[in-house]
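Down below is the structure, laid out as structure tokens.
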Amino acid sequence: MYAFCISFVYLCAIINAKGMLNIPFKETTMIITVISFKGGVGKSTISQNLAVTLANEGRDVCIIDADENESSNIWYSFRDENLAAVPVFHVTNRTDMSKTINTLNSRFEIVIIDCPPAIKDTTSRAVAKSDFSIIPITPTGGSDVWATEKFLQHIELLRDRLDAPLPCYFAVNRYESNVSMHKAYLEALDAYQEQYQVGRLETIIHKRSAYGEANANGLGVVEYENPKAKKEIKELVKEIMTIMSSVTV
Ligand SMILES: Nc1ncnc2c1ncn2[C@@H]1O[C@H](COP(=O)(O)OP(=O)(O)O)[C@@H](O)[C@H]1O
Ligand SMILES: [Mg+2]
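In the numbering used here, the protein residues as written are 23 to 271.
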């Protein structure tokens with residue numbers, strides 16, 4: 023009975039009134055890299071929405087924009103200062119990446135690194151320094167599959183070189199339920215998951231204009247009026263928070 027009461031109290035502490043997970047993170051900063059070999063797959067969209075959702079949950083979170091195109095940096099410039107704070111730091115070279123991560127380490131609970139569509143020193147450094155990485159993928163065609171495989175091979179090399187697990191999770195983005203090829207693509211991903219030891223976030227992000235509209239206004243979809251987008255992003259973030267709790271130290 024005593025054990026049951028303890029478990030119940032613990033469960034109540036984990037699930038707060040909003041239904042979001044209230045998980046005690048590790049004491050040092052959690053670093054999450056959002057990365058892929060391809061442009062346009064939703065790295066910046068997922069980075070921004072992850073950061074905004076966590077910030078609205080009261081988390082102290084920032085973004086490192088590692089892309090020369092400054093998508094997240096520009097998005098930030100449109101963000102109203104009365105909204106939940108999501109500072110963005112623009113860093114595009116390896117040395118500055120290490121320095122910035124070290125500096126932000128003591129200042130934020132969570133640092134999200136929005137990467138360019140390339141494997142280079144800066145992004146490899148980001149992956150190496152991260153607790154885990156998220157790989158957005160759009161199930162739109164053969165080149166997505168090939169680019170994903172190339173990227174996973176690079177992760178394997180990095181894992182061997184660093185002798186570190188470097189956990190990675192696919193996040194399916196721009197999914198259209200009525201496109202049969204998209205379903206087939208999910209099956210192809212299953213094979214990669216086994217071969218390259220990559221997880222997959224169960225929540226699928228659908229193609230919705232709300233993502234572009236929120237982005238153009240410096241918002242995340244949780245701050246925008248599209249209930250379906252809001253719901254799926256909250257579910258995605260809940261899953262990511264569960265992963266964060268599994269790396270609690
Ligand atoms: N789920 C989605 N539905 C509709 N448009 C999306 C979605 N995700 C991203 N986009 C749009 O696709 C474009 C590329 O997304 P972005 O996040 O900038 O990709 P990346 O950072 O990988 O280059 C942007 O215009 C963005 O608004
Ligand atoms: Mg981008």
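Using N, Cα and C, we set each Cβ at its ideal position, and we do this for glycine too.
Exercise. Hey, which unbroken runs of the beta strand (DSSP E) at 3 residues or more fall wholly within the segment 93-122?
Worked result: Listed in chain order, the complete beta strand (DSSP E) runs (minimum 3 residues) inside the segment 93-122 are 110-112.
For this session: Return yes when the Cβ of residue 149 is within less than 8 Å of the Cβ of residue 84, no when it is not.
Result: no
Exercise. Buried or exposed: residue 179, going by 16 or more other Cβ atoms within 10 Å of its Cβ?
Worked result: exposed
Exercise. Taking C-beta to C-beta, are residue 255 and residue 55 nearer than 8 Å?
Worked result: no
Problem set entry | Straight-line gap, residue 69 to residue 94 (C-alpha atoms, nearest Å) | 8 Å
Exercise. In the DSSP assignment, what are the bridge partners of residue 156?
Worked result: 56 and 191
Problem set entry | Given residue 116 as reference, the closest of 105, 109, 146 and 205 once Cα atoms are compared | Comparing Cα positions, the closest option is 146.
Problem set entry | Terminal residues of the alpha helix (DSSP H) in which residue 143 lies | 143-151
For this session: Verify the contact flag: residue 159, CB atom, against every heavy atom of ligand 1, threshold strictly below 7 Å.
Result: no
Exercise. Where do the ends of the alpha helix (DSSP H) carrying residue 255 lie?
Worked result: 249-268
For this session: Compare the C-alpha of residue 208 against each of 194, 220 and 217 and name the closest.
Result: 194
Exercise. Where do the ends of the alpha helix (DSSP H) carrying residue 212 lie?
Worked result: 202-218
Exercise. Taking C-beta to C-beta, are residue 229 and residue 198 nearer than 8 Å?
Worked result: Against a cut-off of 8 Å, the Cβ pair of residue 198 and residue 229 comes out as a contact.
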